[in-house]
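The block underneath contains the structure these notes are about, expressed in structure tokens.
Numbering (my numbering), first residue to last: 18 to 367.
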């Protein structure tokens, strides 16, 4: 047991607290009623807890519909990044232009998060007015699972299971996470307060640097679709509440509304992988120019009168055109710098 327990402490730092939080949340859902009745919990007690949770969920779902509470957001990476560019933040209260995370206020935070996730799931299923009880129960169970897996106290388990089931996809991120856990959270928190820019980490050493004050600034910044550094907003070094401010950016708001979810361009140009510096230049050149052009288009008087289909075509075509132009410039720069053309087929080879 001591041999097994030592490595497990890096994956699951404690067990009882997560189980208690999960139990508290499950008790306050309709699907928890028969389960806890079977466990010997008095029916009136189980029913009361379920009713309280249900009424809380109804109130939360109404606030989600009004945009005053957020759930976990879409699963698709590009869709979530588009939301982040508007200042959106998952599992948060939004009383005005600020998002305040409630994800650390357990166990109530999990009850609120489950209801918010459930509302988002229901809203994402268009054209299905008649819902069977089995479908609803399944969505409640899914919202419970989604919310539980998002918790920091279980993120180690989630990432480990991902790495075991899909090592090629998640193995590298698990190693980086494990490496980063060796740096105390207080030191990493200070690094984030001093340097709000999110940094790219490609090696375990990079992960260490990103969590150490003074060293993180030596790493390249993560870039968004527009070639801009991704920054986090600080609520204070000791505050457990993540804060974000809504950005009144019509371009990104339109991208979210129109559901145009484009990710970053490929790191390869015709099977030739770019260096980190060349790829960064590629993203910056294409992204910033595309944003400049599109920002002018969406602010023009004619934009609001245009059909959504035309808006989608314009946004996608401008991004694609600027990427093509940037690729050509990057290829010329590489050829001039190295004196070689890696895109020219070898003579004598078909």
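Positions of the beta carbon are idealized from the N, C-alpha and C atoms, including for glycine.
Next on the checklist: Assuming residue 216 and residue 199 are in contact, meaning their beta carbons sit under 8 angstroms apart, how far apart are those beta carbons, in whole angstroms?
Outcome noted: Rounded, the Cβ-Cβ distance is 17 angstroms, inconsistent with contact.
Checklist entry - To the nearest angstrom, how far is it from the Cα of residue 339 to the Cα of residue 294? => result 18 angstroms
Next on the checklist: Three or more C-beta pairs under 8 angstroms: does that hold for the segment 226-240 against the segment 200-213?
Outcome noted: yes
Next on the checklist: So if DSSP puts residue 285 in a beta bridge, which residue, or which two residues, is it bridged to?
Outcome noted: 290
Checklist entry - With 16 other CB atoms within 10 Å as the buried threshold, where does residue 133 fall? => result buried
Checklist entry - For residue 332, is the classification buried or exposed, using 16 other Cβ atoms within 10 angstroms of its Cβ as the cut-off for buried? => result buried
Checklist entry - Name the DSSP beta bridge partners of residue 238, please? => result 216
Checklist entry - Which partner residues does residue 246 have in the DSSP bridge list? => result 240
Checklist entry - Over what stretch of residues does the alpha helix (DSSP H) that includes residue 12 continue unbroken? => result This structure does not reach residue 12, given that the chain is present from 18 up to 367, and the question cannot be answered.
Item to check | Limits of the alpha helix (DSSP H) - the one that residue 260 falls within | outcome: Segment 260-262 is the beta strand (DSSP E) holding residue 260; no alpha helix (DSSP H) there.
Checklist entry - Based on the DSSP secondary-structure assignment, which residues constitute the bridge partners of residue 110? => result 86 and 117
Next on the checklist: My assumption, with CB atoms under 8 angstroms, is that residue 286 sits in contact with residue 348. Please give the rounded CB distance.
Outcome noted: 6 angstroms
Checklist entry - Candidates 280, 315, 260 and 354: which alpha carbon is nearest residue 87's? => result 260
Checklist entry - Alpha carbon to alpha carbon, how far is residue 232 from residue 223? => result 9 angstroms
Checklist entry - In or out: residue 20 buried (at least 16 other Cβ within 10 Å) or exposed? => result Here residue 20 scores only 41 on pLDDT, less than 50, and its place in the model should not be relied on; the value that follows carries that caveat. Answer is exposed; the Cβ neighbour count stays below 16.
Checklist entry - Which of the three DSSP states, helix, strand or coil, is assigned to residue 58? => result coil
Item to check | Distance, residue 257 Cα to residue 245 Cα | outcome: 27 angstroms
Item to check | Contact set for residue 358: own chain, Cβ-Cβ below 7 angstroms, skip 5 residues either direction | outcome: 352
Checklist entry - Buried or exposed: where does residue 93 fall if 16 or more other Cβ atoms within 10 Å of its Cβ makes it buried? => result exposed
Item to check | Rounded separation between residue 64 and residue 80 - CA only | outcome: 24 angstroms
Checklist entry - Do residue 267 and residue 312 come within 9 angstroms of each other at the CB atom, strictly closer than that value? => result yes
Checklist entry - For the alpha helix (DSSP H) that contains residue 345, what are its first and last residues? => result 325-355
Checklist entry - From which residue to which residue does the alpha helix (DSSP H) around residue 221 run? => result 221-227
Checklist entry - Helix, strand or coil: how does DSSP classify residue 148 here? => result Caution is warranted here: a pLDDT of 49 is assigned to residue 148, below 50, making its placement in the model unreliable, and the coordinate value is therefore given only provisionally. Residue state, collapsed to three classes: coil.
Next on the checklist: I need the DSSP call for residue 320, collapsed to helix, strand or coil.
Outcome noted: helix
Item to check | Validate contact between the segment 294-311 and the segment 93-113 using beta carbons, cut 8 angstroms, 3 pairs | outcome: no
Next on the checklist: Under DSSP, the alpha helix (DSSP H) around residue 274 begins and ends at which residues?
Outcome noted: 267-275
Item to check | Closest by C-alpha distance to residue 306, when choosing among 329, 330 and 336 | outcome: 336
Checklist entry - How long is the line joining the alpha carbons of residue 107 and residue 129, rounded to whole angstroms? => result 12 angstroms
Item to check | Sequence-distant residues of the same chain with beta carbon closer than 7 angstroms to residue 316, five excluded per side | outcome: 267
Checklist entry - If you follow the alpha helix (DSSP H) that residue 129 is part of, which residue opens it and which one closes it? => result 125-140
Checklist entry - Which of helix, strand or coil does DSSP assign to residue 193? => result helix
Checklist entry - Thinking C-alpha only, which one of 265, 249 and 137 is nearest residue 368? => result Only positions 18 to 367 of the chain appear in the structure, and residue 368 is not among them; the question remains open.
Next on the checklist: Can you tell me where the alpha helix (DSSP H) holding residue 203 begins and where it ends?
Outcome noted: 202-211
Item to check | Assigned exposure category for residue 193 - 16 Cβ within 10 Å defines buried | outcome: buried
Next on the checklist: Just to confirm before moving on: does the CB-CB distance between residue 303 and residue 344 stay below 9 angstroms?
Outcome noted: yes
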